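Chain order of the listed sequences is G and L.
Final position of the first sequence in this note's numbering is 507; the numbers increase by one with none missing.
Final position of the second sequence in this note's numbering is 662; the numbers increase by one with none missing.
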Amino acid sequence: MFLRPDGRDLRIIGFYLGKIAMALALMMALPAILAVVLREWDAAVALVSGAGIAAAIWQAAEWRLHTRASLTWAHGTVVVALAWLLGSLLAAVPLFLSGHFGDFLDAWFEAMSGLTTSGLSVVNDLDHLSYSMNFYRHLTHFAGGQGIVIVALALFSGGGASIGTLYVAEGRDERIVPSVVRTARFIYLIATAYLVAGTIALTASLWAAGIGGWRGLWHAINLFFAAFDTGGFSPASSSIGYYHSAGVEAVLAVLMVAGTMSFALHYALWSGRRGELLRNIEVRTLALTLAGFSLLALYGLVRSGTFETTGGLLRKGLFTLLSAHSGTGFAVNNGTLFVTDWGVLAPAAVVAVMALGGMAGSTAGGIKALRIGLTTKGLLREVRRLLQPESAVTVATYHSGKRRIITPPVLIAATTILLLYILTYLAGALVGLLYGTWDVTEAIFESVSAAANVGLSVGITSPTMPRGLQFTYIVQMWLGRLEFMAAFAMVGYGVSLLGSRR
Amino acid sequence: MARPTRPTASLLIAPIVFVVALVVGLQAMLALDERPADPDLQVAPDALPPLSSEVVRCERERPDTEPAQREAERLVTGARVSSATVVACPQVFDSRRITFVGEVVGDVLHRDDGAWVQVNDDAYALDVGPLPAHDDLQGTNSGLQVWLPDDLLDGIQPGRPGRRGDVVEVDGVLVRADPQDAGGMTLRADRLRVRAEAVDVEVPVDPAQVVLAAIACAVAVGIWVIHRREDA
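Below is the structure:
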């Protein structure tokens with residue numbers, strides 16, 4: 006029997022969505038302060054407008070919808086799914102007012118891309134975008150990546166225990182420690198530690214690269230947000246190729262690896278359990294897929310003669326593969342070159358690692374190493390079972406924090422999500438092909454990049470792209486971030502709601 | 431006990447109406463204040479070498495790439511080319527001498543004996559000037575990475591927020607996979623002429639946005655005050 010939601014349920018959902026609006030208002034206030042300091046008055050007005058609208062929604066929800074009712078599982082799932090839609094719409098307001106976006110759909114695309122840590126961009130004339138608005142773009146990566154939805158609800162709603170269920174709804178797999186509030190605190194502790202260390206290292210490498218003074222610090226903070234949260238926006242239109250610096254790329258590589266690690270793994274390392282690094286199924290899977298596809302890409306690049314020196318081959322090739330596999334999407338070359346200069350094998354390897362993605366419970370998108378590892382082990386178990394006597398009992402296990410048995414429900418869940426990702430990749434590619442402008446390679450590349458929240462582009466994503474395709478990518482980024490289930494539950498909830506009104 | 435259903439309709443419709451009104455309102459607000467590009471920021475086309483802006487795309491390891499490359503060969507005449515033309519068929523331009531015109535943007539990244547600069551040849555650099563000083567949107571930035579030896583760097587002013595940088599005409603050799611940049615594509619310049627000096631661009635504040643910001647903040651504070659009074 007399905008639940009029949011009514012006005013009381015909508016009230017609860019609306020009230021908690023108000024908390025998200027508050028978090029967004031705070032997120033816009035920070036760059037507004039920077040805009041005032043830098044005397045960027047146009048950006049300041051745009052950011053204050055956005056913050057004001059978000060704050061008004063928050064206050065309206067507090068006033069008219071206030072409730073002491075706790076979130077149920079169903080409420081929480083719908084809140085999470087709606088929060089990404091509402092949040093991206095509100096976050097789009099300052100971007101649209103900045104004058105760098107042709108229409109609101111463009112700004113919404115950028116905001117969704119930022120919050121879901123995708124990194125695809127349709128901004129016009131990025132190289133003249135104000136410092137504060139550019140900082141705001143990168144801040145959306147940090148807010149989305151560090152779980153603005155969960156944190157806002159956990160810290161400001163007083164319903165920690167019931168909100169714990171939202172972790173799964175947001176595709177974050179599981180809580181790291183029993184309390185959600187403590188989990189959120191730990192996530193921010195880790196993020197702060199990396200923020201300080203990463204920003205110092207990036208600033209030093211940027212100063213060495215020739216960007217001195219406060220501009221070096223500004224670039225460093227923006228790059229940190231984009232790297233650690235596996236986002237992919239960059240302060241300059243030529244992405245990481247702008248810096249011409251092995252030092253900058255090396256620091257970013259470390260941050261991308263840290264960003265694609267699950268917070269549970271960070272917690273294990275933080276607690277001194279270094280053995281987890283060798284036993285964890287996701288670490289092993291990622292190491293294998295990264296090594297395998299890197300070799301494939303390097304072979305492809307050698308075969309096509311793209312690079313003439315080993316140094317160039319390794320630096321550009323491996324950075325791009327790591328950027329794609331971690332779900333970051335930083336580029337060290339013009340996107341068109343993937344099509345015109347990289348041959349056919351290397352871009353295929355890039356697409357493959359984008360589709361696979363990083364670790365579950367991290368900010369990375371894609372199918373995730375956990376599901377790849379589980380599906381592979383499940384497949385091997387089936388093969389083993391076929392080769393053994395019928396009476397033999399075959400058990401497959403994996404290590405993730407502790408030794409676990411692969412049960413049929415776990416395997417079904419992993420393969421279901423894997424299948425849904427593949428279908429989403431194909432659906433986006435098909436929509437791209439419908440326009441008849443791009444070939445299948447380009448359409449698949451861009452679709453996978455959007456649905457896996459990566460951000461590398463062969464040039465399809467631009468301010469002049471077809472509106473229908475742009476909307477498709479928005480939906481893909483949203484589905485990819487939520488890992489489908491919360492979105493499906495929201496649709497089901499809506500259908501139940503309409504059904505209950507008949 | 432029957433659950434109340436009366437408020438459902440308003441709770442469903444109100445947020446949808448609000449979002450639609452917000453989007454339409456914002457779109458209308460910006461549309462009412464369309465600002466044209468400043469003609470003074472256009473770099474006089476007559477003063478620049480003629481541009482071969484034709485784009486022929488060659489793709490490595492594809493069966494049809496050789497005819498495309500042959501077609502692209504005719505673009506390589508030592509004349510001015512666009513960045514779009516170069517990245518569409520980089521093999522043809524490799525080690526060839528080209529002329530490139532664009533705006534220096536961002537930072538001058540000094541290294542031994544020279545510096546890296548990004549030179550954009552998009553519409554914001556050459557035709558309409560930087561955003562958001564106008565509403566003539568022309569897409570994303572595009573350009574090339576250029577290596578300038580020390581003797582060409584004198585007084586170069588890069589473009590940034592609120593400033594259109596120096597528009598320069600550079601001659602040099604395009605290196606498709608430059609070993610000095612770990613395989614990046616570089617135009618190694620040996621001649622540079624400033625075609626238009628850097629200029630600060632005024633970015634006006636839209637009065638309608640000021641009003642919007644004031645109203646939004648006033649509504650938020652107003653609701654907060656009413657709510658507090660009701661609670662008291």
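Backbone N, C-alpha and C fix where the C-beta goes; we use that ideal spot for every residue, glycine too.
From a predicted model like this one, the values you see are computed outputs, not experimental measurements.
8 Å Cβ cutoff, residue i in contact with chain G
i                 : result
Gln587 of chain L : no
Ala646 of chain L : yes
Gln472 of chain L : no
Asn487 of chain L : Reading off the sequence shown, one finds Arg at residue 487 of chain L, where the question assumed Asn. Yes, its Cβ sits closer than 8 Å to a Cβ of chain G.
Gly536 of chain L : yes
Leu441 of chain L : yes
Pro579 of chain L : no
Glu491 of chain L : yes
Gly614 of chain L : yes
Thr570 of chain L : yes
Thr438 of chain L : yes
Leu539 of chain L : yes
Ala518 of chain L : yes
Pro591 of chain L : yes
Asp542 of chain L : no
Exposure label - residue i; buried when at least 16 CB within 10 Å
i                 : result
Arg143 of chain G : First, the amino acid is wrong: residue 143 of chain G is His here, not Arg. His143 of chain G should be labelled buried.
Gly277 of chain G : exposed
Ala432 of chain L : Summary for Ala432 of chain L: the model assigns pLDDT 48, below 50, so the residue's position carries little reliability; its value from the coordinates is reported in the next sentence. Answer is exposed; the Cβ neighbour count stays below 16.
Gln548 of chain L : buried
Ile377 of chain G : buried
Arg527 of chain L : exposed
Glu254 of chain G : buried
Pro591 of chain L : buried
Asp476 of chain L : exposed
Asp630 of chain L : exposed
Leu424 of chain G : exposed
Gly316 of chain G : exposed
Leu283 of chain G : exposed
Gln393 of chain G : exposed
Nearest-angstrom beta carbon gap, residue j and residue i [assumed within contact, 8 Å]
i                 : j                 : result
Glu67 of chain G  : His657 of chain L : 6 Å
Gly464 of chain G : Gly340 of chain G : 5 Å
Ile17 of chain G  : Thr72 of chain G  : 6 Å
Leu556 of chain L : Val597 of chain L : 7 Å
Gly569 of chain L : Ser243 of chain G : About 15 Å separates the two Cβ atoms, so there is no contact after all.
Leu326 of chain G : Leu350 of chain G : With 8 Å as the limit, Leu326 of chain G and Leu350 of chain G do not qualify as a contact, their Cβ atoms being about 12 Å apart.
Asn458 of chain G : Thr145 of chain G : Wrong, their Cβ atoms sit about 13 Å apart, outside the cutoff.
Asp346 of chain G : Leu561 of chain L : So it is not a contact: roughly 30 Å between Cβ atoms.
Ser135 of chain G : Glu45 of chain G  : 5 Å
Tyr478 of chain G : Phe114 of chain G : 7 Å
Leu43 of chain G  : Ser137 of chain G : 6 Å
Arg386 of chain G : Thr399 of chain G : 5 Å
Any chain L beta carbon closer than 8 Å to residue i
i                 : result
Thr345 of chain G : yes
Thr314 of chain G : yes
Lys321 of chain G : yes
Trp443 of chain G : no
Lys24 of chain G  : no
Val349 of chain G : yes
Pro394 of chain G : no
Gly104 of chain G : yes
Arg486 of chain G : no
Ser242 of chain G : yes
Start-to-end residues for the beta strand (DSSP E) that takes in residue i
i                 : result
His540 of chain L : 527-541
Arg44 of chain G  : Per DSSP, Arg44 of chain G belongs to no beta strand (DSSP E) and is neither H nor E.
Asn550 of chain L : 544-550
Gly679 of chain L : Outside the shown range of chain L (431 to 662) lies residue 679 of chain L, about which nothing can therefore be said.
First through last residue of the alpha helix (DSSP H) which encompasses residue i
i                 : result
His146 of chain G : 136-150
His657 of chain L : 637-661
Ala352 of chain G : Checking the displayed sequence, the identity of residue 352 of chain G turns out to be Pro instead of Ala. Element bounds for Pro352 of chain G: 350-361.
Ala273 of chain G : 268-275
8 Å Cβ cutoff, residue i in contact with chain C
i                 : result
Pro480 of chain L : Chain labels in this structure do not include chain C; the protein chains are G and L.
Cβ-heavy atom distance, residue i to the ligand HEM, below 7 Å
i                 : result
Glu496 of chain L : You won't find the ligand HEM in this model; it holds no ligand whatsoever.
Exercise for review: Using a Cβ-Cβ cut-off of less than 7 Å, list which residues of the segment 58-80 of chain G approach chain L; keep chain order.
Suggested key: Ile58, Ala60, Ala61, Gln64, Ala65, Glu67, Trp68
Point to revise | Members of the segment 631-657 of chain L that neighbour chain G once the beta carbon cut-off is set at 9 Å | key: Val631, Val633, Pro634, Val635, Asp636, Gln639, Val640, Leu642, Ala643, Ala644, Ile645, Ala646, Cys647, Ala648, Val649, Ala650, Val651, Gly652, Ile653, Trp654, Ile656, His657
Exercise for review: Please name the residues in the segment 114-139 of chain G whose beta-carbon is closer than 7 Å to at least one beta-carbon of chain L, in chain order.
Suggested key: Asn129, Asp130, Leu131, Asp132, His133, Leu134, Ser135, Tyr136
Practice item. Return the residues of the segment 450-476 of chain L that lie within a Cβ-Cβ distance of less than 8 Å from chain G, sorted by chain order. Key: Leu452, Val453, Leu456, Gln457, Leu460
Check your understanding: Quick one, which residues of the segment 248-259 of chain G are near chain L if we go by CB-CB under 9 Å, in chain order?
Key -> Tyr248, His249, Ser250, Ala251, Glu254
Exercise for review: Please list the residues of the segment 347-372 of chain G that have a C-beta atom closer than 9 Å to any C-beta atom in chain L, keeping them in chain order.
Suggested key: Trp347, Gly348, Val349, Leu350
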